[in-house]
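Novice: Taking UniProt numbering, I'd label the letters of the sequence shown as residues 1 to 507. Every residue gets a Cβ at the ideal spot worked out from N, C-alpha and C, and that includes glycine. Note that this is a predicted model, so its numbers are computed, not measured. Handing you this structure, nothing more for now.
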Amino acid sequence: FLHIALSISFSPESCFSCNTFLVLHVFPLQKYIQVFGCLFSVLFYLLRDKEASVKCFFFHLGLCSFCVGLTMTNIIIQSNQFTPLYIYLTLLQLFALLQVALGEQLDLHWLHKIFLFLGVVFVALGVTGFSLNWKQEWPTISVLLSLQATAPFLQFGGVGALTLLTSLVLNRSKFFIATIFLAVSAAIFLCPVFIQSPCLIDPLNLPEKPKLIGHRGAPMLAPENTMMSFNRSIACNMAGLETDVQLSKDRIPFLMHDNDTGFLLRTTNVKERFPNKSFNRSSDLTFEELQGLNAGEWFLKTDPFHSVSQLSEEEKERARQQSIPSLLQLLDLAKKHNKSVIFDLYSNNQENDTVDVVQTILSSGIDPSLVSLTVMPYFSFAALEYVNYTAPGFIHIYNNIHDMFNKGGKHLNVKYNKLRMKTIRDLRENNVTVNLWVVNERWLFSLLWCAGASSVTTNSCDLQHVGRPDWVMAPSQYKAIWIAVDIVSAVIMIGVFILKRKNVIKV
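Structure below.
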């Protein structure tokens, strides 16, 4: 709202000031707002002439891009490849502010105009690409969760920015623009009334830290679903190990996530071993043939998490030698270290495959209470009855609330953006265990910790070092700070207005 109000005033100095303030934030929502804001505020800077119609065109363009920026995922900006663009735009704003402070005219070199135009095109293409690929992520990552994690601090920052910009806006704005500015100020002053965050709780009531479940092991440090990956996960002190189980042609359960057509292509060298064959189901190969495939070389070549550089040469060589493990190998490891195992079962013959998997688990001698089976929607009644009868100690985890309550379950495993924070808290109060996947960022982990999540499935070992949420504040304390900040800001704004009024009268 602040950026839009300043844009209406066609005051590039205000836009630059606003965005320079936003640069100072470190929370996730800020970064993509700032990039869009600075790109299009610079366009206003380019058009300081008196052609109002052209300015209006760019205002609407900037407004649309700002709204898109609010909802796009911040992965574009957080990637290291885009750091130079981010730094360049930030420095451009800082130099512009310096010129304003010195009273110099803002003249942009033609080379910067070219770079800015290319930057606008680049960001527009990036937003389009990510929007098409990750439509489902928009409503949650971009707005709701980010705002819940940052809203109190964004409000404080917004009040501070308004206070700093008061002089600039009132100095060159007419009555209509000043009125809009004051209306926006009032909205920002009062918005804490509507702010809801799970971290606005008494620190004494902070829930227990969620347990960490290794997603296919520790895939940032080793090839996923390999014994090296699971060993690294245990070394990271994960409470449990998550994996996916399929059955080979000779009925041996093995670990592999991909399960559709060409399921071996991503994580093995199947094309090299069987160049003239295509395998679309796990039952097309024996376990001996599966173990003959290399399941680690792809990790070093593709570097999916940009983490290979952190590995030693010895670790890289070990990763290169990894093969597809059996379920029994994982169970023996979990039994040895007393770790729980959570797995999904992918199969075309549910009843028979369930029998083979359950028998493998029972023969391993692992404590049944350490085994959690995700009850998929396609599970047949006969398969579930067999599990209940043969292995009553297994924990049944459901992937939606409706099925869980209908079948009397007490364990839920869903994607982190499928539940509202209040729903998580309500489920925990009803003694429902809630596991959320896949959580890799510290800010998101902090938010889910405040909400009371029982555990999270993660790719990142770094979360083990998080000893406390990023912030926790008692509602009464936040209310007192909010009122104090608003009062101080209002007093300063009124003082600036009075001084401006006196100067006008003297002139």
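#1: Please state the DSSP three-state secondary structure of Trp437.
#2: Taking only the alpha-carbon atoms, compute the straight-line gap between Lys479 and Val159 and give it to the nearest angstrom.
#3: Using only the alpha-carbon positions, how far apart do Pro304 and Val485 sit?
#4: Can you tell which of Val432, Asp258 and Ile494 has its C-alpha closest to the C-alpha of Ala295?
#5: Pick out the complete beta strand (DSSP E) segments inside the region 186–274, 3 residues or longer, and give them in chain order.
#6: Is DSSP giving Ile397 helix, strand or coil here?
#7: Three or more C-beta pairs under 8 Å: does that hold for the region 331–350 against the region 237–244?
#8: Hey, how far is the Cα of Val472 from the Cα of Phe299?
#9: To the nearest angstrom, how far is the alpha carbon of Arg420 from that of Ala453?
#10: What is the DSSP secondary structure of Lys415, counted as helix, strand or coil?
#11: For Ser7, count neighbouring C-beta atoms within 10 Å of its own C-beta (all shown protein chains included) and say buried if the count is 16 or more, exposed if not.
#12: Rounded to whole angstroms, what is the Cα-Cα separation between Ala334 and Leu91?
#13: Examine the Cβ distances between the region 200–214 and the region 184–192 and report whether three or more of them are shorter than 8 Å.
#14: In chain order, what residues of the same chain lie with their CB nearer than 6 Å to the CB of Phe263, ignoring the 5 residues before and after it?
#15: Which of the three DSSP states, helix, strand or coil, is assigned to Leu373?
#16: Of the choices Asp353, Ser229 and His411, whose alpha-carbon is the least far from that of residue 520?
#17: Distance, Cα to Cα, Thr166 vs Leu448?
#18: Indicate whether Ser323 and Thr286 have their beta-carbon atoms separated by less than 8 Å.
#19: Cutting at 8 Å between CB atoms, please list the residues of its own chain near Ser283, excluding the five before and the five after it.
#20: Between which two residues does the alpha helix (DSSP H) holding Ile387 run?
#21: Under the rule that 16 or more other beta-carbon atoms within 10 Å means buried, what is Pro219, buried or exposed?
#22: Inspect the beta-carbon positions of Ser309 and Leu221 and report whether they are closer than 8 Å.
#23: Would you decide whether Glu224 is buried or exposed? Buried here means 16 or more other CB atoms lie within 10 Å of its CB.
#24: Once you ignore the five residues that flank Arg442 on each side, which residues in its own chain have a CB closer than 8 Å to its CB?
#25: What does the alpha-carbon distance come out to for the pair Leu328 and Asn231?
#26: Determine the contact status of Asp356 and Arg425, defining contact as a CB-CB distance below 8 Å.
Specialist: On the basis of the coordinates in this document:
#1: strand
#2: 15 Å
#3: 44 Å
#4: Asp258
#5: 211–215, 240–247 and 253–255
#6: Annotated three-state conformation of Ile397 is strand, per DSSP.
#7: yes
#8: 38 Å
#9: 11 Å
#10: strand
#11: In this predicted model, Ser7 has a pLDDT of only 40, less than 50, meaning its place in the structure is not dependable; the value taken from the coordinates is given anyway. Buried is the call here.
#12: Taking C-alpha positions only, Ala334 is separated from Leu91 by approximately 52 Å.
#13: no
#14: none
#15: strand
#16: The question about residue 520 has no answer here: the residues shown for the chain are numbered 1 through 507.
#17: Distance from the CA of Thr166 to the CA of Leu448, rounded to the nearest whole angstrom, comes to 37 Å.
#18: no
#19: Leu247, Ser248, Lys249 and Asn348
#20: The sequence given here places Val at residue 387; Ile does not occur at that position. Segment Phe381 to Thr390, the alpha helix (DSSP H) holding Val387.
#21: buried
#22: no
#23: buried
#24: Asp462, Leu463, Val466 and Asp470
#25: Between the C-alpha atoms of Leu328 and Asn231 there is a straight-line separation of about 15 Å.
#26: no
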